[in-house]
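Sequence order for the protein chains is A and B.
If you count by this note's numbering, then the first sequence holds residues 1364 to 1498, one letter each, in order.
If you count by this note's numbering, then the second sequence holds residues 62 to 186, one letter each, in order.
Even for Gly, the Cβ is constructed at its ideal location relative to N, Cα and C.
So the structure is just underneath, and the comments pick up after that.
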Amino acid sequence: MSSLFSVFDVAGSALTAQSQRLNATASNLANADSATSSTGQPYRAKQVVFTAQPLPQGDAVGVRVTDVVQDQSPPRRVHDPRHPLADATGYVNMPNVNVIEEMVNMISASRSYQTNAEMMNTAKTLLLKTLQIGQ
Amino acid sequence: MTKLDELFRFSQSALNLHAYRQQLIASNIANADTPGYKARDIDFASALANAEAAQGKPQLPQPAGESAPLGAEILYRSAVQRSLDGNSVDLDIERAQFADNAVRYEAQLMFINSRIKSMLAAIQG
């Protein structure tokens, strides 16, 4: 099979991985103020782990999300004695989501997604032109 | 090998190498955010020279699933700015190389097409 076809596999794997990263960012931003959850603990920021994944054939290397890890840094402590979840000292444990970091992550993920989509388009154009040899 | 085969042989190996290189650069761009990934590429000029030198000699058939065209040796790109996570992909370089390689692939297709046209002109008179 032509090497150009594996560009689709590679770019496709990257699109999946980047959209998973975007999903994690969306979930982090949505829960940036979720002081509690089903476990009773404040929400913890989630990050995806990318791993290079060689395709079954040839030398092309795709990418895959192999793990979603929870940020183990301590929760953000906010002083709000009137909050129902405040402890004896008047502090509330809030999620350890860094909104600035998440925004940067979001822009980076969407840029990478765009680049890979463009790559797919280029490969498609090249293949279509190859089909027209001699016409 | 007939004269016609001879005529298209060079274009064929060049096209194969361009397609192979496109796939390597696509892998680099896809792994631009993967920690520890090293950017890879081939030296096109020497790969094409090797492929040309090997042509005409008796060859063993390539095993199935082996996609590296004859003479292509994978090299690691040296990073301009190293990143902390061990990734050596520079997205600007890779995107430029991807576009460059795509244009060269199309140019090669145009050469083939015009060669076919001139052959047809010679046949039909």
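Using three-state DSSP, classify residue i as helix, strand or coil.
i               : result
T1388 (chain A) : helix
I137 (chain B)  : Looking at the sequence itself, residue 137 (chain B) is Tyr, so the reference to Ile does not match. Residue state, collapsed to three classes: strand.
I90 (chain B)   : helix
G1425 (chain A) : strand
H1442 (chain A) : strand
D1434 (chain A) : coil
G126 (chain B)  : The pLDDT assigned to G126 (chain B) is 49, lower than 50, so where the model puts this residue is not dependable; a value taken from the coordinates is nonetheless given after this. Three-state DSSP puts G126 (chain B) in coil, outside helix and strand.
T1414 (chain A) : strand
What are the boundary residues of the beta strand (DSSP E) that includes residue i?
i               : result
V1455 (chain A) : 1454-1457
D102 (chain B)  : 101-103
Take the Cβ of residue i as the centre, count every other Cβ of all protein chains shown within 10 Å, and call the residue buried at 16 or more, exposed below.
i               : result
H79 (chain B)   : buried
R1338 (chain A) : Nothing about residue 1338 (chain A) can be read from this structure; chain A reaches only from 1364 to 1498.
L65 (chain B)   : exposed
N1484 (chain A) : exposed
G126 (chain B)  : With a pLDDT of 49 at G126 (chain B), under the threshold of 50, the predicted position of this residue should be treated as unreliable, and no value is reported.
Y137 (chain B)  : exposed
P1458 (chain A) : buried
A1393 (chain A) : exposed
Q1416 (chain A) : buried
R1384 (chain A) : buried
M1482 (chain A) : buried
R1440 (chain A) : exposed
L181 (chain B)  : exposed
A1480 (chain A) : exposed
I184 (chain B)  : exposed
Considering only residues of the same chain and omitting the five flanking positions on each side of residue i, which have a CB-CB separation below 8 Å?
i               : result
L85 (chain B)   : R101, D102, I103, I135
T1388 (chain A) : E1465, N1468, M1469, A1472
I90 (chain B)   : V150, L152, E155, R156, F159
V1412 (chain A) : V1428, T1429, D1430, V1431, V1432
S1390 (chain A) : K1409
V1424 (chain A) : V1373, A1415, Q1416, P1417, L1418
P1437 (chain A) : N1459
Spatial neighbours of residue i within its chain, please: CB distance less than 6 Å, with the 5 preceding and 5 following residues excluded, ordered by chain position.
i               : result
S175 (chain B)  : none
H1446 (chain A) : V1455
N92 (chain B)   : Y98
Q83 (chain B)   : N162
A140 (chain B)  : S149
I1463 (chain A) : none
Quick one: what's got a C-beta closer than 7 Å to residue i's C-beta in the same chain, skipping five residues either side?
i               : result
T1399 (chain A) : P1405, L1448
S1366 (chain A) : G1421
G147 (chain B)  : P96, G97
Along the alpha helix (DSSP H) that carries residue i, what are the first and last residues, could you check?
i               : result
S175 (chain B)  : 152-185
Q142 (chain B)  : Element bounds for Q142 (chain B): n/a, residue is neither H nor E.
I1496 (chain A) : Neither: I1496 (chain A) is in no alpha helix (DSSP H) and is coded neither H nor E.
Contact between the segment 1465-1474 of chain A and the segment 1445-1453 of chain A (3+ Cβ pairs under 8 Å): no
Three CB pairs or more closer than 8 Å across the segment 1487-1495 of chain A and the segment 1374-1382 of chain A: no
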